Every structure is written in structure tokens, then in C-alpha cells.
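Worksheet for the structure shown next.
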Amino acid sequence: MTVTRLDQGQRYRPRMAFLKKIEALMMEMQSPDTGIKTQTQTVMVASIPHAVTGNDILQWILQRLQITSEEALHLGDLFVKYGYIYPLQEPKNLTLKADGSLYRFQTPYFWPVQGWAADDTDYAIYLAKKNIKRKGILEEYEKEHYNMLNQKINYKWDFVIMQAKEQYKAGKERKKEDRYALDCQERAYWLVNRTPPGMQDVLEYGVDRVTDPNENKKNTMEAYRREIMYYQQAIGKTRVKSSVSLGGLVKYSEQFLSNDPILSGCLPSNPWITDDPEFWDLNAKLVEVPTRMRVERWAFNFSELIRDPKGRQNFQLFLKKEFSGENLSFWEACEDLKYGDQSKVKEKAEEIYKLFLAPGARRWINIDGTTMGITVKGLKHPHRYVLDAAQTHIYMLMKK
């Protein structure tokens with residue numbers, strides 16, 4: 015069986031690259047020269063052409079990609095779950111069995127890389143045809159979908175029934191093996207695109223994108239001019255030598271080595287492995303007596319101290335002795351403004367101004383006139399980062 019490559023797009027969908035890679039492997043698998051050898055097999059008293067076994071698929075993947083058996087079996091499962099290969103004997107079992115179980119390659123028309131999503135009308139026709147064929151015997155979830163679609167597209171239900179009857183009549187005129195193969199193809203397609211309850215919906219990708227992320231947009235002369243200016247400015251900037259950067263990285267790694275639970279071990283024990291919560295108790299945010307390792311980490315740099323709630327608490331006690339406790343309180347208020355609720359930004363900004371920045375404020379902070387001017391001007395139109403200049407100034411004061 016020879017398959018020709020189709021340009022099937024899959025625009026606006028984030029999994030395009032992933033599905034295209036599977037498609038390329040499918041093309042190789044079905045190649046007359048390098049692909050899997052297919053043969054006619056008897057299933058349900060019908061001779062089905064171009065059937066392959068799960069073991070043949072697994073062996074081909076192992077030889078082609080040079081991967082482990084576990085990886086090959088997982089990849090084979092993906093082929094079945096995404097509808098590129100479908101089982102003949104257990105249609106609902108969308109996994110690859112590494113034995114003599116029979117599978118068949120899905121026709122490219124039903125591949126999930128088609129640019130359009132599965133249509134409700136097509137699904138309604140499929141269910142109506144199945145309902146006619148089985149004389150009303152559908153599975154529970156299919157009955158629910160059938161009734162729901164009847165209400166949803168009732169205005170063209172006559173068209174749905176007419177199409178279902180026509181397809182049913184056309185199917186009866188086909189050979190038995192062709193009819194069985196087509197039924198398997200349709201069933202496999204809808205098992206993937208209209209997943210029954212309890213099965214994983216592998217094609218769930220969220221809302222369709224409005225624009226194509228893979229589209230190559232043509233830039234204007236102005237865009238190219240800005241890009242050239244950017245690169246010219248970048249060339250003129252001084253750069254840190256790679257040896258200096260790598261040296262700083264090595265120094266940082268050596269400094270934090272003892273505090274890395276993966277490289278140096280987790281003391282007293284990893285609570286996720288031993289079910290002993292002592293580690294969490296000793297390292298609670300506001301534990302009464304912090305561990306020695308935690309205190310030593312505060313000495314690494316000021317950001318480590320101020321990032322730790324217990325370190326901030328002790329630093330606040332020190333600042334109160336220096337009569338400058340309002341500095342840390344202001345910094346914390348700025349952090350709350352920056353990472354808090356968007357709906358309360360204006361309210362919080364006004365509170366911070368009244369408490370720390372307004373003339374005669376109860377906890378007035380000492381910042382230079384330039385920074386104060388920038389901050390007060392920005393407060394006329396408050397946003398999350400309106401106090402960044404004042405916060406940076408206070409941060410540097412505390413650091414010194």
C-alpha cells in the first residue's frame with residue numbers, strides 16, 4: 015500500500031510539529047521498500063488486507079530509531095492513541111500490544127493533522143448510520159451525544175438522516191472486507207476525536223488560535239531599520255568575558271553546594287521519601303530557632319536574608335534598634351503591591367503613600383527629592399510597578 019504525502023496544514027494548533035513528526039514516521043512505515051510488510055489476515059470471518067501485528071510495529075520502531083524497548087512501546091502507544099494506527103480485534107483498547115495482535119494503518123484522510131476540527135454534523139451522520147445499522151442499539155455515551163446533537167443541529171437533522179441512509183446503502187454494496195475495514199477506520203477516528211468517558215482525550219489543545227504562530231510575516235522597512243539600530247547599539251555595549259561569567263557561576267555553585275538538597279543530601283531526611291516531617295518542621299517559615307545552615311545562608315548576600323521570612327523578621331528587629339524599621343515595612347508593602355491583586359492596586363498605592371510618603375506621614379521614609387518626585391508623579395496613574403524607584407532606593411539603603 016503506497017501513501018502519498020498530503021499538505022494538511024494543521025494551522026493554529028500548537029501540536030503541529032509533534033504530529034508532523036509522527037506523520038513522517040507513518041510515511042516510512044508504509045513505504046514499500048523500507049516499511050513494515052503487511053499481509054491479509056482473517057478477522058471476524060472477513061479477510062482484511064494490509065494488516066500488521068503489534069510485534070512487527072515494535073520491531074520496526076526499535077530498528078529505525080535505535081531506542082530502548084520501553085521507549086519504542088511508548089511511541090507505539092502514541093501512534094495508536096493519536097489514531098495513526100488502529101486495532102482490529104479490540105477497537106477500544108488504544109494501546110500497542112507487543113504480540114500477535116492485529117493493527118491497521120489509518121488512511122491519511124482520518125489523520126489528526128487535518129487543518130479542520132471534527133465537525134458535529136459528521137459525527138451526527140456517523141451516529142445516525144450506526145443507529146440504523148444496529149437498529150437503535152448504541153452505547154450510553156453515544157445515545158447522549160445523539161440526543162444532544164439532535165437538539166443542537168435540529169434545523170438540518172433531515173439532512174443528517176438522509177446522508178446516514180445513503181452511506182449505509184453505499185456500504186452494503188461494498189465487499190465484506192472493505193465494509194469492515196471502513197467501519198474500523200471510522201470507529202477509530204471517532205474514538206480519538208470524540209473520546210468516550212474514561213478515555214484520555216489526546217487531541218485536547220484548548221481554544222483555537224486566532225493567528226497562525228508559524229506564519230512568516232513580511233516586515234516593513236521601518237521594522238528592519240529598528241532591528242539594524244538595535245544590533246548596532248548591541249555591538250557598542252561592553253560585554254562581560256565568558257571566563258568572568260563562568261568563574262562567577264562556579265563560585266556561586268560552590269557557595270550554595272552545602273544548601274543543595276540534591277547534591278549534598280537532605281538533612282535530616284527527605285520527607286517525600288521517608289514520610290518524616292521533621293525537615294519541614296525545622297525549616298518552617300517562622301520557626302522559633304532557625305537551623306545553622308539557614309542562618310549561614312543569610313550571610314551569603316542580602317537578597318538571601320530578605321527573601322527568607324525568618325531572616326526578614328530578625329532583620330526587622332535590628333532595624334527597630336536603629337530606628338529605621340519603616341524601611342523594611344515599606345519594602346514589604348511594595349512587594350505586596352507588585353504581586354497582589356490587580357483590582358486592589360489603586361487602593362494599596364494610596365495606602366502606601368499616606369503611610370510612608372505623604373508629608374507628615376506616620377512612618378515617613380527618607381528618600382531623595384528626585385526619587386520622591388518620580389514616585390509622586392507616578393502615583394497619579396498607579397500601577398504595579400509605580401513604586402519601583404522608591405523601593406530600589408530603600409533596598410540599597412538597607413543593604414548598606
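So the number in the working numbering is just where the residue sits in the sequence shown, counting from 1, plus 14.
Backbone N, C-alpha and C fix where the C-beta goes; we use that ideal spot for every residue, glycine too.
Note that this is a predicted model, so its numbers are computed, not measured.
For residue 48, no beta strand (DSSP E) segment is defined, and its DSSP state is neither H nor E. In the three-state reduction of the DSSP assignment, residue 146 falls in the helix class.
Just so you know, the alpha carbons of residue 293 and residue 211 end up roughly 42 Å apart. DSSP places residue 304 in the coil class of the three-state scheme, outside both helix and strand. Per the coordinates, the alpha-carbon of residue 218 lies some 37 Å from the alpha-carbon of residue 349. Distance from the CA atom of residue 35 to the CA atom of residue 45, rounded to whole angstroms, is 16 Å. The count of Cβ pairs closer than 8 Å, one atom from the segment 138 to 148 and one from the segment 237 to 251, stays below three, leaving the stretches out of contact. Boundaries of the beta strand (DSSP E) harbouring residue 63: 60 to 67, taken from the DSSP string. In terms of CA proximity to residue 155, 213 leads the group 213, 197, 387. By alpha-carbon distance to residue 68, the top candidate from 302, 60, 94, 360 is 94. Under the three-pair Cβ rule at 8 Å, the segment 157 to 174 counts as touching the segment 130 to 141. The C-alpha of residue 167 is placed about 30 Å away from the C-alpha of residue 98. Taking 9 Å as the cut-off, the Cβ atoms of residue 324 and residue 304 count as close.
Straight-line spacing of the CA atoms in residue 111 and residue 206 works out to 18 Å. For the pair residue 319 and residue 330, the CB atoms are not nearer than the 9 Å cut-off. Residue 135 carries a helical assignment under DSSP once its states are collapsed to helix, strand and coil.
Residue environment: residue 287 is assigned as exposed (fewer than 16 neighbouring CB atoms within 10 Å of its CB, all protein chains considered).
Assignment of alpha helix (DSSP H) within the segment 262 to 332, counting only whole runs of 4 or more residues, yields 285 to 288, 292 to 296, 306 to 312, 316 to 321 in chain order. Relative to the Cα of residue 39, the nearest Cα in the group 233, 89, 189, 63 belongs to 89. Straight through space, the alpha carbons of residue 270 and residue 312 are spaced by roughly 11 Å. With respect to the 9 Å criterion, residue 182 and residue 231 are not classified as neighbours on the basis of their beta carbons. When 290, 275, 74, 126 are compared, the shortest CA-CA separation from residue 308 is found for 275. For a cut-off of 8 Å, the C-beta gap from residue 50 to residue 66 is around 5 Å, short enough to register as a contact. In the three-state reduction of the DSSP assignment, residue 96 falls in the coil class, being assigned neither a helical nor a strand state. Residue nearest to residue 43 within the set 74, 32, 55 is 74 (criterion: CA-CA distance). Beta-bridge annotation (DSSP): residue 119 is paired with 99. Looking from the CA of residue 359, the closest CA among 332, 399, 77, 376 belongs to 399. With respect to the C-alpha of residue 407, the residue from 385, 392, 390, 397 having the closest C-alpha is 385.
By the beta-carbon neighbour count (other beta carbons within 10 angstroms, threshold 16), residue 140 is buried.
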